[in-house]
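Visitor: Numbering (the working numbering), first residue to last: 1357 to 1670. Think of the CB as a built atom: it goes at the ideal place given N, C-alpha and C, for glycine as much as any other residue.
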Ligand code: PBG
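Following this line, the structure appears as C-alpha cells:
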C-alpha cells in the first residue's frame, strides 16, 4: 500500500546528463576525479545521446574543452567550435533530444576566468559589461548550431537580459534561457574544474559567485533573473543548499527550477561506494528524491544514466 502514498518521485525525464566534449581527443578519456565519467570526442556524441534516450533521459547539458585558449575566449563562439559542432552532431542524429549548453568562458580563456579580465581598480578581476558582450556572442552561436536551451553560468550582472535580447535580435525567440541564478562559490566544483580544465590561474570566483551563507542574496539574484526573462531558474550546488532550493521554489513557483547536483557531490558518493561504505544506488536515489522534495523540478546530475537504470530496475 505504501507506494500509493509516495509523495515525491524521481523519473528519468527529471534528470539532465552533463557531458564534457573535448576537441582534442578521438576516443573517450576517463576523468580521474569523477569515476564513471569521461571526456568525449565530438564524433562519439550521437551514440551517447542515443543511449541516454533509450534510458528515458531526455536532455543533456554540454561543456566544451577547446584545443586552444586565449584571453578573449574566441573558441567559445567560433562557428566550428567544439560545442557548436557537438550540438549540430546531436541534433542531426536525434532532433527531439533536448540539448542545453553551458554559456561561460572559463574553459576557453587562458587565464581560466569566466569572461574578460581587466583592471577593476582593485586589481585584475572579471569585467562585467565587456564580458556580457562575450556571453551574447557565445549564446547566439550555440543557438545557431541548434541548442534548445542556453545556460549562462558566469553569474555576471545583467547576463540574462543581455542574452535574451541578443537571442531575440538574432531570431531565436524560442531558445530557452536557463539561468544559473543561484550559484554559490563552492568547493564542490573541484572535480569539475579538473574535468573541464577551467580552474582560474589566479584569484577565485568570489567576486561574482555567492557566499555559501547567503540565502536572501540568492533570492535577490533570482529576482533579477526572473525580471530579465529567465525561463528556468537554478540553484547550484544542491545538497548543501536544499534550503535555498526550497526558498526559490516557494518564491517563484511559476518557473521550472533546476538543481545542479555538482561534481563534488557525485565524487563523494562514488568514493564512499568504492570503499564499500555506502550502497550507491540506494543513496543516489535518496539524494535525488531529497532534491526533488526540496522543490527542484529538474536535476542536472552525473548520476543520470545510472539512476535511470536503477529506476527502471526498481
Ligand atoms: C562554469 C561552471 C562550473 C560548473 C558548471 N559550470 C565551474 C565553476 O563555476 O567553477 C561546475 C559544475 C560541477 O561542479 O559539477 N563554466
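Report the start-end ranges of each beta strand (DSSP E) in the segment 1579 to 1613 that is 3 residues or longer and not cut off at the edges.
Guide: Complete beta strand (DSSP E) runs here, min 3: 1589 to 1592.
Visitor: Please report the Cβ distance between residue 1532 and residue 1588, rounded to the nearest whole angstrom; I am assuming they are in contact, meaning their Cβ atoms lie under 8 Å.
Guide: In the chain shown, residue 1532 corresponds to position 176, counting from 1. In the chain shown, residue 1588 corresponds to position 232, counting from 1. Correct: roughly 7 Å between the Cβ atoms.
Visitor: Looking at residue 1419 and ligand 1, is the gap between the Cβ and the nearest heavy atom below 8 Å?
Guide: Translated into the one-based positions of the chain shown, residue 1419 becomes position 63. Because some heavy atom of ligand 1 lies under 8 Å away, the Cβ of residue 1419 counts as near it: yes.
Visitor: In whole angstroms, what is the alpha-carbon distance linking residue 1551 and residue 1583?
Guide: Here residue 1551 is taken as the residue at index 195 of the chain shown, counted from 1. Here residue 1583 is taken as the residue at index 227 of the chain shown, counted from 1. Those two C-alpha atoms are separated by around 33 Å.
Visitor: Looking at C-alpha atoms only, which residue of 1381, 1621, 1605 is the closest neighbour of residue 1650?
Guide: Position 294 of the chain shown, counting from 1, holds the residue named residue 1650. Comparing Cα positions, the closest option is 1605.
Visitor: When DSSP builds the beta bridges, which residues end up paired with residue 1371?
Guide: Counted from its first residue, the chain shown places residue 1371 at position 15. Partner(s): 1655.
Visitor: What are the residues that DSSP puts in a beta bridge with residue 1378?
Guide: Here residue 1378 refers to the residue found at position 22 when the chain shown is read from its first residue. Note: residue 1378 sits in a beta bridge opposite 1421.
Visitor: Anyone know if the C-beta pair for residue 1366 and residue 1663 falls short of 9 Å?
Guide: Within the chain shown, residue 1366 is the residue found at index 10, counting from 1. Within the chain shown, residue 1663 is the residue found at index 307, counting from 1. Against a cut-off of 9 Å, the Cβ pair of residue 1663 and residue 1366 comes out as a contact.
Visitor: In whole angstroms, give me the CA-to-CA distance for residue 1555 and residue 1668.
Guide: Here residue 1555 is taken as the residue at index 199 of the chain shown, counted from 1. Here residue 1668 is taken as the residue at index 312 of the chain shown, counted from 1. Their Cα atoms are separated by approximately 37 Å.
Visitor: Just verifying my parser: in three-state terms, what is the DSSP assignment at residue 1476?
Guide: Your numbering for residue 1476 matches position 120 in the chain shown. Note: residue 1476 maps to coil in three-state DSSP.
Visitor: So is residue 1458 buried or exposed if we call it buried at 16+ other beta carbons inside 10 Å?
Guide: Numbered from its first residue, the chain shown carries residue 1458 at position 102. Label assigned to residue 1458: buried.
Visitor: Can you tell which of 1401, 1473, 1429, 1469 has the C-alpha that lies nearest to the C-alpha of residue 1448?
Guide: Within the chain shown, residue 1448 is the residue found at index 92, counting from 1. The shortest C-alpha separation from residue 1448 is found at 1401.
Visitor: State the start and end residues of the unbroken alpha helix (DSSP H) segment that holds residue 1395.
Guide: Numbered from 1 along the chain shown, position 39 holds the residue referred to as residue 1395. Segment 1394 to 1396 is the beta strand (DSSP E) holding residue 1395; no alpha helix (DSSP H) there.
Visitor: When you compare the CB positions of residue 1451 and residue 1414, do they come within less than 9 Å of one another, or not?
Guide: In the chain shown, the residue the question calls residue 1451 occupies position 95. In the chain shown, the residue the question calls residue 1414 occupies position 58. Not in contact: residue 1451 and residue 1414 (Cβ atoms no closer than 9 Å).
Visitor: What does the Cβ neighbour count give for residue 1507, buried or exposed, with the cut at 16 atoms within 10 Å?
Guide: By 1-based counting over the chain shown, the position of residue 1507 is 151. Answer is buried; the Cβ neighbour count reaches 16.
Visitor: Taking 8 Å as the limit between beta carbons, can you name the residues of its chain near residue 1397, skipping five residues before and five after?
Guide: Looking up residue 1397 in the chain shown gives position 41. Counting only Cβ-Cβ distances below 8 Å, and skipping sequence neighbours, we find 1377, 1378, 1381, 1382, 1383, 1384.
Visitor: Got a sec? Which residues, its chain only, sit under 6 Å from residue 1494 by beta carbon, not counting five neighbours each side?
Guide: As a first step, residue 1494 is located in the chain shown; it is residue number 138 there, counting from the start. The residues are 1432, 1433, 1459.
Visitor: When the Cα of residue 1614 is compared with those of 1394, 1441, 1575, 1535, which residue comes out closest?
Guide: Translated into positions along the chain shown, residue 1614 becomes position 258. Nearest C-alpha to residue 1614: 1535.
Visitor: Taking 8 Å as the cut-off, is the CB of residue 1565 close to at least one heavy atom of ligand 1?
Guide: Stepping through the chain shown from its first residue, residue 1565 is reached at position 209. Correct: residue 1565 has its Cβ closer than 8 Å to ligand 1.
Visitor: Under 8 Å: does the beta carbon of residue 1620 sit that close to some heavy atom of ligand 1?
Guide: Residue 1620 sits at position 264 when you count from the first residue of the chain shown. Result yes, Cβ under 8 Å from ligand 1.
Visitor: Might you give, ordered along the chain, the residues of its own chain that have their beta carbon closer than 6 Å to the beta carbon of residue 1442, omitting 5 neighbours on each side?
Guide: As a first step, residue 1442 is located in the chain shown; it is residue number 86 there, counting from the start. Counting only Cβ-Cβ distances below 6 Å, and skipping sequence neighbours, we find 1377, 1398, 1401, 1418.
Visitor: Cα-Cα, which of 1640, 1388, 1425, 1642 is closest to residue 1557?
Guide: Locating residue 1557 in the chain shown gives position 201, counting from the first residue. Measuring from the Cα of residue 1557, the nearest candidate turns out to be 1425.
Visitor: Between residue 1626 and the rest of its own chain, which residues show a CB-CB distance below 6 Å, the 5 nearest in sequence each way excluded?
Guide: Residue mapping note: residue 1626 aligns to position 270 of the chain shown, counting from 1. Answer for residue 1626: 1391, listed in chain order.
Visitor: Along the chain, where does the alpha helix (DSSP H) containing residue 1452 start, and where does it finish?
Guide: As a working mapping, residue 1452 is identified with position 96 in the chain shown. From DSSP, residue 1452 is part of no alpha helix (DSSP H); its letter is neither H nor E.
Visitor: Less than 8 Å between the CB of residue 1603 and some heavy atom of ligand 1, yes or no?
Guide: For the purposes of this step, residue 1603 is identified with residue 247 of the chain shown, where counting begins at 1. Checking the Cβ of residue 1603 against ligand 1 gives no.
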